[in-house]
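> Residues 0 to 449 in numbering that gives the first Met the number 0 are what the sequence shown spells out, letter by letter.
Heads up, the beta-carbon is just placed ideally off N, CA and C, and yes, glycines get one too.
I'd like to ask you about the structure that follows.
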Amino acid sequence: MAQQLHELTADHEALIASAVGKFFRRIIPMLALMLIVNQIDRANIGFVKAELQTDAGISAAAFGLGAGLFFIGYALFEVPSNMMLKKFGARVWLTRIMITWGAVVVLTGFVSTPLHFYLLRFLLGVAEAGFFPGVLFYFRQWVPNAWRGRATAMVLSATASAFLFSGPLTGAILMMHDVGGLAGWKWVMFMEGGGSIVIGLLAALVLVSKPEGAKWLSDAEKQALAQQLALEDAARDEHAITHGRWGLITDRSLLSYCLLFFTMTMTGYTLVFWLPQIIQRIQGYNSFETGLLTAVPWLCAIIALFLLGKVTDRYRDKLDKGLGIAMLLAACGTFMATLGTPWFGFVAMIVACIGSKVSAAFFWPMPQSELPAVIAAPGIAMINSIGNLGGFFAPTVFGYLEMHTGSTTGGLYALTSVSAATGLWLLLRSKPVPPSLGYKERHHVRQSSH
């Protein structure tokens, strides 16, 4: 490693900054668009619950189970999918994922029974498996540690941005009810699923799997970026030498990341699926106007993510404490949503959405920077797959409680207690001090933060 450092050119930092800047300008906008469409297709089911109940006989409990089955398929195929991405490259595999999930969304427009709904939600999880962790692993092949927090914040902002468009877009499409003799919810599935297929085909023309395949990078930029990424991989892999591949997969820190993300997902996806219904308590608005209101909490979350982008890079040794504070904020929001008037509940949802999205911004740079290269792809996928089972557990329990109590209050109380307990644990625990950053990485953090 010392020899590699000696060989780095004097303008190494400028070349890396230039290469990463080009990646941010050329690739991240497409990834952001793909993630926006991904979230729209994943969450649109929450806007058509009433229509599905009328047309397909899907009760609140059946809806919660179907919404949760998505995450079973997702979890089962997450790690194999990420291994395929490592083999075939991001350009092939991420676009394959997008095209197949779009096809499943289109097929959802033909649902006529609860069994159809269960099957297609499970297949949507299978089709989409590996997408978000694949994007994170893609960053490992392009973005050095000192910029990865901002890259992650950008794509998380995209997932939040989805809800700026999801509500108004889905609400507007629902108003096409009876156009061509089709129900509004069918138009939602056909148009949004078809859009995913088209964007997936466009992405195949834009994405570049690795820096050496980018025609828009100079040879010097490719070399400098490759050297820096190799140095960081070598530093992480020192841990792998003593533990081995399978020892790392069962490492306690990796398992703790899985449990943390499970808790975060419980809160996040309950907000996604049930926020429209909470807002519908505000009287006097049509489906399009309700969609506009739904977008407001996510707009606030995007602003918070934008403000925190550089913070996650500059204070990487304090990320767990920031995560604890964000989870407590989410807990406060979900608790306040059970109090007061519908408008007070709306404000509480803004707080909860900010806490939920900011939690992810603090969380994902930790495993991205700490996992050795030898298990980066399966490790990130394992965290995401096990963690996303929270997306099965939360809406299933939430739907069951709503059906038996006639209220969303019980579910929100349960989420409050889980988020609050996890946040307090993160703030109070003693975590070993991470190894000091090497000179090069310290310099990168200073340079990239200007």
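#1: Could you check the C-alpha separation between L436 and E401 for me, to the nearest Å?
#2: By Cβ distance, which residues of its chain are closer than 7 Å to L298, with the 5 residues on each side in sequence left out?
#3: Looking at the structure shown, is F109 part of a helix, part of a strand, or coil, going by DSSP?
#4: Can you give me the Cβ contacts of M265 inside the same chain, cut-off strictly under 7 Å, excluding the 5 residues immediately before and after it?
#5: What does the alpha-carbon distance come out to for the pair I262 and T421?
#6: Within 10 angstroms of the Cβ of N387, are there 16 or more other Cβ atoms? Answer buried if so, exposed if not.
#7: What's the gap between the Cα of V104 and the Cα of M83?
#8: Could you check where the alpha helix (DSSP H) with M190 kicks off and where it finishes?
#9: Excluding five sequence neighbours on each side, which residues of the same chain lie with their C-beta closer than 8 Å to the C-beta of L423?
#10: Sorted by chain position, which residues of the same chain lie with C-beta nearer than 6 Å to Y399's C-beta, five sequence neighbours on each side aside?
#11: By the three-class DSSP mapping on this structure, what secondary structure does H11 have?
#12: For I240, which residues from the same chain have a beta carbon less than 8 Å from its beta carbon, with the 5 sequence-adjacent residues on both sides left out?
#13: My understanding is that F76 touches A128, with C-beta atoms under 8 Å, so please give their C-beta distance in whole angstroms.
#14: Taking the CB atoms as reference points, tell me whether S368 and A329 lie closer together than 7 Å.
#15: Could you pull the start and end residues of the alpha helix (DSSP H) that L32 belongs to?
#16: With a CB to CB cut of under 8 Å and the five nearest residues on each side skipped, what residues in its chain are close to L224?
#17: For the alpha helix (DSSP H) containing P210, name the first residue and the last one.
#18: DSSP three-state label for I240, please.
#19: Answer with buried or exposed for L122, where buried requires no fewer than 16 other C-beta atoms within 10 angstroms of its C-beta.
#20: Let me confirm a value: H11 is counted as buried when at least 16 other C-beta atoms fall within 10 Å, else exposed. Which label applies?
#21: What's the call for I302, buried or exposed, on a 16-neighbour Cβ count within 10 Å?
Checking against the coordinates, here is how it stands:
#1: Note on L436: pLDDT 43, under 50, position unreliable in the model; no value is reported.
#2: These residues qualify, in order along the chain: L163.
#3: In the structure shown, F109 sits in coil (DSSP, three-state: anything other than H, G, I, E or B).
#4: Once the five neighbours on either side are set aside, the close Cβ partners of M265 are G389, F392, A393, L414, V417.
#5: Correcting the residue identity first, residue 262 is Thr in this sequence and not Ile. Note on geometry: alpha-carbon atoms of T262 and T421 lie some 8 Å from one another.
#6: Answer is buried; the Cβ neighbour count reaches 16.
#7: Each residue's Cα considered, the two are about 23 Å apart.
#8: Where M190 is concerned, the enclosing alpha helix (DSSP H) stretches over 183 to 205.
#9: Cβ neighbours of L423 beyond the five flanking positions: G323, L327.
#10: So the qualifying residues of the chain are A60.
#11: Helix at H11.
#12: Bear in mind that a pLDDT of 49 at I240, under 50, signals an unreliable position, so the number given afterwards is only what the model happens to contain. Excluding sequence positions up to five before and after I240, its CB lies less than 8 Å from no other CB in the same chain.
#13: With 8 Å as the limit, F76 and A128 qualify as a contact, their Cβ atoms being about 4 Å apart.
#14: No.
#15: Looking at the DSSP string, the run of the alpha helix (DSSP H) that includes L32 is 27 to 42.
#16: Excluding residues within five positions, the ones whose Cβ falls inside 8 Å are L14, I15, A18, V19, W141, P143, P210, L216.
#17: No residue range can be given for P210, since it is assigned to no alpha helix (DSSP H) and is classified by DSSP as neither H nor E.
#18: The pLDDT assigned to I240 is 49, lower than 50, so where the model puts this residue is not dependable; a value taken from the coordinates is nonetheless given after this. Three-state DSSP puts I240 in a helix.
#19: That one is buried.
#20: Per the 10 Å Cβ criterion, buried.
#21: Taking all protein chains in view, the Cβ of I302 is surrounded by fewer than 16 other Cβ atoms within 10 Å, so the residue is classified as exposed.
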